[in-house]
Amino acid sequence: MTTSGNETGGTSDVREPGLDFIRDIVQADITAGRHATIVTRFPPEPNGFLHIGHAKSICLNFDIANEFGGRCHLRFDDTNPTKEEQAFIDAIEKDVRWLGFDWGTHLYHASDYFERLYEWAELLIKSGKAYVDDQNPDDMRAARGTLTEPGKNSPFRDRTVDENLDLFRRMRAGEYPNGTRVLRAKIDMAAGNINLRDPVLYRILHATHPRTGDAWKIYPSYDYAHGQSDAIEGITHSICTLEFADHRPLYDWFLENLPVPSKPRQHEFARLNLTYTILSKRVLTELVRGGHVNGWDDPRMPTLAGLRRRGVPAESLRDFVKRIGVAKAYSTVDAAMLDFSIREVLNKAALRRMAVLRPLKVVIENYPEGQTEELEAVNNPEDASAGSRMVPFSREIFIEQEDFMENPPKKFYRLSPGKEVRLRYAYFITCKDVVRDAKGEIVELRCTYDPLTRGGNNPPDGRKVQATLHWVSAADAIPAEVRLYEPLFSTPTPDAANFAADLAPNSLEVVKSARLEPALAHALEGVPVQFERLGYFCLDPDSTTGNPVFNRTVGLRDTYAKEVKAGAKDAKAAGGGKK
Ligand code: ATP
Ligand code: MG
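Residue numbers for the sequence shown, in this note's numbering: 2 to 580.
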């Protein structure tokens with residue numbers, strides 16, 4: 002397993018608390034007596050579903066609060082009603098809970114503070130630190146300057162306090178159409194940091210807000226609302242991603258110029274990037290709207306809802322976040338790291354079952370017609386307490402098509418004419434004959450079994466076989482649909498600006514022909530199973546009508562690493578090696 006950058010932890014040892022720079026800062030603040038209680042927050046904007054990058058932020062904020070005996074708030078930064086929806090608010094609450102965190106009574110919204118934020122804006126106007134600007138958006142943008150050139154003062158910058166107050170109050174009263182005026186902080190149009198060039202505090206927006214309805218005709222900018230919300234809530238450590246480092250001087254300006262009840266300190270860390278994945282709500286929204294995926298909870302999506310539907314346990318995400326750690330340097334984490342955390346949890350938890358994805362019928366000629374017997378199969382070799390189950394065996398069974406080759410290459414150890422293999426928990430069988438249809442396709446194998454190998458044990462003569470196959474009894478099997486997933490993007494570093502070009506053509510494969518052992522009739526949503534030799538699977542909510550539908554959560558082995566190995570594909574094309 003490889004990772005790029007310096008942000009990743011080891012592969013086997015989970016990091017201990019207190020080992021990253023943010024925890025070090027919190028510890029130092031406590032030691033210095035700066036705070037009685039540590040208060041953090043997770044501040045999502047409800048304009049989409051949460052993704053695995055947010056999971057990093059959620060774990061960091063809630064874990065720090067828990068480790069230091071403080072509390073973590075969930076606060077919706079709901080300042081843009083044109084993009085925010087109640088459905089997103091509900092989904093975010095559900096996802097944070099699912100991930101294993103509890104904000105108790107500390108659920109807040111930036112919109113709870115709209116009145117106070119407004120009063121503070123009037124205070125800025127009264128002290129000559131904010132003004133109403135009538136420039137149109139294009140002129141405003143042009144006057145902003147660039148990284149190398151200073152901006153230009155607005156012709157409206159020197160309005161009197163009274164005029165500003167009057168205009169701002171009328172903006173609030175809804176007298177003006179969208180986009181005609183804004184309230185700006187009066188800081189410095191020549192500041193090297195563009196965020197300080199008279200940033201917008203309020204804009205006119207005639208829109209219905211999910212919580213405040215039609216009460217407001219003006220809405221605070223994110224930059225104006227965010228830091229003050231932290232201050233109102235008494236957040237001690239305002240933890241965010243690096244893109245906000247340049248906004249910190251502006252947030253500090255607000256804290257200095259407003260009668261805030263507390264002064265939170267902001268600390269920035271590097272956002273999570275993952276190979277084969279784009280973690281941006283804008284892109285995820287476009288994937289959903291453009292029909293590139295089947296909704297926010299499509300199992301190919303890096304959203305928490307998608308990962309959950311795919312069968313990824315919350316514990317795996319928490320484990321993954323611990324392993325990658327927290328740092329200030331940008332890096333991209335190998336998606337194989339996530340798969341590793343998923344397998345770690347599922348290997349211990351998943352019940353083993355047998356399922357055949359692409360069935361090939363096998364008739365066991367010397368097995369009595371009409372007879373069925375029940376054979377014992379272990380539920381989980383990693384967990385003795387999981388016990389065992391009985392699996393029916395009969396004269397006609399299905400094996401996997403790819404476990405048979407009529408003319409096998411040298412290293413193909415599975416079934417072929419004249420060859421003997423073990424059926425897991427059942428018997429040794431030997432292939433005697435191949436039956437074809439009119440088109441020449443193989444439709445059936447004729448085999449014999451050795452009664453002295455019952456349970457899949459070696460016979461008294463000590464004969465050995467080189468392969469063990471999974472199988473299901475034909476008459477007892479349950480038909481099912483199985484959905485196999487590949488990464489949504491075909492390149493490790495897809496381009497967010499032109500993501501459509503990097504979409505993989507076959508990220509979803511629907512297998513309608515699957516046959517399951519009868520115990521899978523009792524599979525439950527949210528309870529992982531391992532289909533022996535095929536991977537980890539979970540029941541999809543689509544199973545409510547018709548045949549059950551299973552999603553493959555992850556394969557049994559690291560396919561990313563396999564792809565890199567030269568010749569792996571050729572071996573696969575030739576039928577694979579020993580299994
Ligand atoms: P995106 O960048 O995906 O559009 P966002 O930053 O606009 O997301 P918010 O709802 O504002 O989404 O994010 C809530 C919190 O999650 C913020 O504190 C943000 O810094 C953090 N966050 C967002 N993306 C990541 C990421 N990839 N890794 C770590 N933290 C993230
Ligand atoms: Mg954001």
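Every residue gets a Cβ at the ideal spot worked out from N, C-alpha and C, and that includes glycine.
Since the model is a prediction, treat every value here as computed from it, not as a measurement.
Please confirm whether A478 and G457 have their CB atoms less than 8 Å apart. Against the sequence shown, residue 478 aligns to sequence position 477. Against the sequence shown, residue 457 aligns to sequence position 456. No, the pair does not count as a contact, with Cβ atoms beyond the cut-off.
Uninterrupted alpha helix (DSSP H) stretches inside the stretch 222-280 (no shorter than 4 residues): 223-234 and 249-258
Once you ignore the five residues that flank D434 on each side, which residues in its own chain have a CB closer than 6 Å to its CB? In the sequence shown, counting from the first residue as 1, residue 434 sits at position 433. So the list reads R447, once near-sequence residues are dropped.
Just to check, is the beta-carbon of L100 closer than 7 Å to a non-hydrogen atom of the ligand ATP? The residue given as residue 100 occupies position 99 in the sequence shown. False, no ligand heavy atom lies under 7 Å from that Cβ.
By the 10 Å Cβ neighbour count, where 16 or more other Cβ atoms means buried, how is V190 classified, buried or exposed? Here residue 190 refers to the residue found at position 189 of the sequence shown. In the sequence as displayed, the identity of residue 190 is Met instead of Val. M190 is buried by the Cβ-count criterion.
Taking 7 Å as the cut-off, is the beta-carbon of L108 closer than that to any non-hydrogen atom of the ligand GDP? The model on display carries the ligand ATP and the ligand MG but not the ligand GDP.
E120: CB within 7 Å of a non-hydrogen atom of the ligand ATP: In the sequence shown, the residue the question calls residue 120 occupies position 119. Answer for E120: no, Cβ out of range of the ligand ATP.
Work out the CA separation of N196 and T149 for me, nearest whole Å. Within the sequence shown, numbered from 1, the residue matching residue 149 stands at position 148. Within the sequence shown, numbered from 1, the residue matching residue 196 stands at position 195. Spanning the two alpha carbons is a distance of roughly 14 Å.
Under the criterion of a Cβ to heavy atom distance below 7 Å, does H52 qualify as lining the ligand ATP? Locating residue 52 in the sequence shown gives position 51, counting from the first residue. Yes, the Cβ of H52 comes within 7 Å of a heavy atom of the ligand ATP.
Residue nearest to L509 in terms of C-alpha spacing, selected from H238, E397, P300 and R354: Against the sequence shown, residue 509 aligns to sequence position 508. Closest by alpha carbon: P300.
With which residues is C73 paired in a DSSP beta bridge? Locating residue 73 in the sequence shown gives position 72, where the first residue counts as 1. Note: C73 sits in a beta bridge opposite T41.
Quick check: the Cα distance between N274 and A56, rounded to an integer number of angstroms? Here residue 274 refers to the residue found at position 273 of the sequence shown. Here residue 56 refers to the residue found at position 55 of the sequence shown. If you take the alpha carbons of N274 and A56, they lie about 12 Å apart.
Identity of the residues DSSP links to G536 by a beta bridge: Here the question's residue 536 lines up with position 535 in the sequence shown. DSSP output for G536 lists F532 as bridge partner(s).
contact_flag[the stretch 79-90, the stretch 357-372] where n(CB pairs < 8 Å) is 3 or more: no
Buried or exposed: which applies to K282, given that a residue is buried once 16 or more other Cβ atoms fall within 10 Å of its Cβ? Numbered from 1 along the sequence shown, position 281 holds the residue referred to as residue 282. K282 should be labelled buried.
C-beta atoms of A351 and Y114 nearer than 8 Å: To locate residue 351, count along the sequence shown from 1; it is residue 350. To locate residue 114, count along the sequence shown from 1; it is residue 113. Result no, Cβ atoms of A351 and Y114 do not sit closer than 8 Å.
Excluding five sequence neighbours on each side, which residues of the same chain lie with their C-beta closer than 6 Å to the C-beta of S342? The count along the sequence shown starts at 1 and reaches residue 342 at position 341. If we look at S342 and ignore the five residues flanking it on each side, its Cβ neighbours are S317, D320 and F321.
Which of helix, strand or coil does DSSP assign to K95? Sequence index remark: in the sequence shown, residue 95 carries index 94 (1-based). Three-state DSSP puts K95 in a helix.
Extent of the continuous beta strand (DSSP E) run through K329: What you label residue 329 is simply residue 328 of the sequence shown in a count that begins at 1. No beta strand (DSSP E) contains K329, which DSSP labels as neither H nor E.
Closest by CA to E123, which one among R171, K95, D79 and E94? Within the sequence shown, residue 123 is the residue found at index 122, counting from 1. Looking at the Cα atoms, R171 is the closest of the given residues.
I'd like to know if L358 contacts chain C, where contact means its C-beta is closer than 8 Å to some C-beta of that chain. As a matter of chain content, chain C is missing from the structure shown, which is built from one protein chain.
What does the alpha-carbon distance come out to for the pair V466 and F413? Here residue 466 corresponds to residue number 465 of the sequence shown, with the count starting at 1. Here residue 413 corresponds to residue number 412 of the sequence shown, with the count starting at 1. The straight-line gap from Cα to Cα measures roughly 12 Å.
Go through the residues and name those whose CB comes closer than 5 Å to any heavy atom of the ligand ATP, in chain order. P45, E46, G54, H55, K57, S58, C241, T242, R272, L273, L280, S281 and K282
Three-way DSSP call (helix, strand, coil) for T83 in this model: Within the sequence shown, the letter at position 82 stands for residue 83. If DSSP states are grouped into helix, strand and coil, T83 belongs with coil.
For H293, which residues of its own chain have a beta-carbon under 7 Å away from its beta-carbon, when the five flanking residues on both sides are left out? In the sequence shown, the residue the question calls residue 293 occupies position 292. For H293, where only same-chain residues beyond five positions count, the Cβ hits under 7 Å are L504.
To test your reading of the DSSP string, which unbroken beta strand (DSSP E) runs of 3 or more residues are found completely within the stretch 120-166? 131-134
Does the distance from the C-beta atom of G326 to that of D134 stay below 8 Å? Here residue 326 refers to the residue found at position 325 when the sequence shown is read from its first residue. Here residue 134 refers to the residue found at position 133 when the sequence shown is read from its first residue. Not a contact, by the Cβ cut-off of 8 Å.
Buried or exposed: which applies to L376, given that a residue is buried once 16 or more other Cβ atoms fall within 10 Å of its Cβ? Residue mapping note: residue 376 aligns to position 375 of the sequence shown, counting from 1. L376 should be labelled buried.
Measure the C-alpha to C-alpha separation of D571 and V289 and round it to an integer number of angstroms. As a position in the sequence shown, residue 571 is number 570, starting the count at 1. As a position in the sequence shown, residue 289 is number 288, starting the count at 1. For D571, the predicted model reports a pLDDT of 42, less than 50, meaning its position is unreliable; a value from the coordinates is still stated below. Roughly 36 Å separates the two Cα atoms.
If I follow the unbroken beta strand (DSSP E) through V392, where does it start and stop? Here residue 392 refers to the residue found at position 391 of the sequence shown. Per DSSP, V392 belongs to the beta strand (DSSP E) from S389 to S395.
Measuring straight from C-alpha to C-alpha, what distance separates D559 and D340? Walking along the sequence shown from the start, residue 559 turns up at place 558. Walking along the sequence shown from the start, residue 340 turns up at place 339. Whole-angstrom Cα-Cα distance: 8 Å.
Which residues bound the alpha helix (DSSP H) around F490? Counted from its first residue, the sequence shown places residue 490 at position 489. Premise fails: F490 is in no alpha helix (DSSP H) and is neither H nor E.
Would you please state the rounded distance, in angstroms, between the beta carbons of A131 and L184? I believe it to be under 8 Å. Within the sequence shown, residue 131 is the residue found at index 130, counting from 1. Within the sequence shown, residue 184 is the residue found at index 183, counting from 1. 6 Å between Cβ atoms; contact.
Buried or exposed, going by whether 16 or more other CB atoms sit within 10 Å of the CB of Y331? On the sequence shown, position 330 is the one that residue 331 refers to. The residue in question, Y331, is exposed, as its Cβ has fewer than 16 Cβ neighbours within 10 Å.
Go ahead and pull the three-state DSSP assignment for V27. As a position in the sequence shown, residue 27 is number 26, starting the count at 1. In this structure, V27 counts as helix in the three-state DSSP scheme.
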